[in-house]
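Take a look at the structure set out below.
In my numbering, the protein residues as written are 732 to 1163.
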């Protein structure tokens, strides 16, 4: 049976949660493989909203095994709160959740460090959830892993090692040194969280491999978007992990030869949160009109998202680095009634015309986007369940994106609810 990866094809916030939830009806296992609680996935079922930050979007389906993979960084307190919230709604019963013992842990000192950095000049606009500092601890080989929460002596030793590195930096920036009582409370809280999570902790990589080998439908749920990838995104305005399809292999412990299909999620326009170059960004008040129409506010932080025209050049990069088999544009309904719609086809950097974003962020900040325009539409598209039922302008817009990006449409979201979807190809259909 197919193994499918769903990734964001832009700067995140593309609506992956809805698509993963929809595809989870056919899945046996849904796996998060990177990032942490900086990613918020919004699910809308029957008009009722559920936002998940760590638990995979497959949580709404009782038959789906939800896995937090080795490559994640997990705030145990946030995870426990999310589990409680899900269980209050009748979700996550019967051993549905598996947490990797090898995933790294975000502890309060990671948030202290990130918040202090974000208060200084030159901040890049993170969620202040401690994601980056946790990955720094991991790369420095002094990170706390989920398994360490159940080993008190090792846990305290690792906490002390990290504080030896982090506290002098905080003090040099004018912050108070944490007292012994505060550190003791931090360790005790981590131990209690480890005890509460213990029944759900195990070897996630082996469980994922067993599901794949057993012919189960496995869906990997990406976080953030391809343009935020630590290696291939608009560095340094990126996240701290690999957000592209290849990250599923390293973050979940599955061989690349096991992957069958990759689906890229994009909005029918562009948004970006935080700092960083954004060539197709709209000016106010137009950006505010789109922001309100699309309710473009971060699911994790509530921050307003920057809005811009669809960038086919950036999508071409996403197609290339992810090996996308198909695209799934979301929020097509937001484009309705906006007049003529622009699509960026390339950038001009001096005398050079580029068909993909330049490698350097400073160059990306000074490019001039080249556009084509498509007639808009005023008719409602949310009732459409086939492409033929879409307004003529919407069909022309979708066809233009498909032609410019060079990847076929597999799914089109015409509204926030699960059933407001046009499914053109099922990623879990039998392989040809």
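The C-beta atom is built at its ideal place from N, Cα and C for all residues, glycine as well.
Model, not experiment: these values are computed from the prediction.
The criterion of a C-beta distance shorter than 9 Å is satisfied by residue 886 and residue 922. For residue 1102, the enclosing beta strand (DSSP E) covers residues 1099–1105. Between residue 1061 and residue 997, the gap from beta carbon to beta carbon is short of 9 Å. Counting other Cβ atoms within 10 Å of its Cβ, residue 1095 reaches 16 or more and is therefore classed as buried. In the three-state scheme derived from DSSP, where H, G and I count as helix and E and B as strand, residue 1149 is classed as coil. Per DSSP, the continuous alpha helix (DSSP H) segment holding residue 1129 begins and ends at 1123–1136.
Under the 10 Å beta carbon count, residue 1161 is surrounded by fewer than 16 other beta carbons and is classified as exposed. By the beta-carbon neighbour count (other beta carbons within 10 angstroms, threshold 16), residue 780 is exposed. When C-beta atoms of the region 952–963 are compared with those of the region 972–980, three or more pairs fall below 8 Å, so the two segments count as touching. For the 9 Å CB-CB criterion, residue 1002 and residue 1027 form a contact. Restricting attention to 931, 1143 and 1136, the CA atom closest to the CA of residue 1120 is found in 1143. Secondary structure at residue 981: helix, using DSSP grouped into helix, strand and coil.
DSSP places residue 1013 in the coil class of the three-state scheme, outside both helix and strand. Closest in alpha carbon position to residue 940, among 918, 984, 925 and 924, is 984.
Shown here, residue 823 sits in coil according to DSSP, grouped into three states, outside any helix or strand.
The beta carbon of residue 808 sits closer than 8 Å to the beta carbons of 920 and 924 from its chain, once the five residues preceding and following it are set aside; these are given in chain order. Residue nearest to residue 1150 within the set 803, 754 and 744 is 754 (criterion: CA-CA distance).
In terms of Cα proximity to residue 1005, the closest of 1159, 1155, 823 and 859 is 859. Under DSSP, the beta-bridge partners assigned to residue 1003 are 1037. Here residue 1077 is buried: its Cβ has 16 or more other Cβ atoms, across all protein chains shown, within 10 Å.
Here residue 1059 carries a strand assignment [DSSP, helix/strand/coil]. Remark: fewer than three beta-carbon pairs, one from each stretch, lie closer than 8 Å, so the region 801–818 and the region 960–969 are not flagged as touching.
Distance from the CA of residue 904 to the CA of residue 788, rounded to the nearest whole angstrom, comes to 39 Å. According to the DSSP secondary-structure assignment, residue 785 is paired through a beta bridge with no residue. Residue 739 sits in a strand when the DSSP states are folded into three classes. For the 9 Å CB-CB criterion, residue 873 and residue 896 form a contact. Contact check for residue 835 against residue 869 passes: the beta carbons are separated by less than 9 Å. Here residue 783 is buried: its Cβ has 16 or more other Cβ atoms, across all protein chains shown, within 10 Å. For residue 997, the pairing in a beta bridge is given by DSSP as 1060. Burial state of residue 801 is buried, judged by a 10 Å Cβ sphere holding 16 or more other Cβ atoms. Assigned with DSSP and collapsed to three states, residue 866 falls in helix. Cβ-Cβ distances below 7 Å link residue 1154 to 1142 in the same chain, with the five nearest sequence neighbours on each side left out; the list follows chain order.
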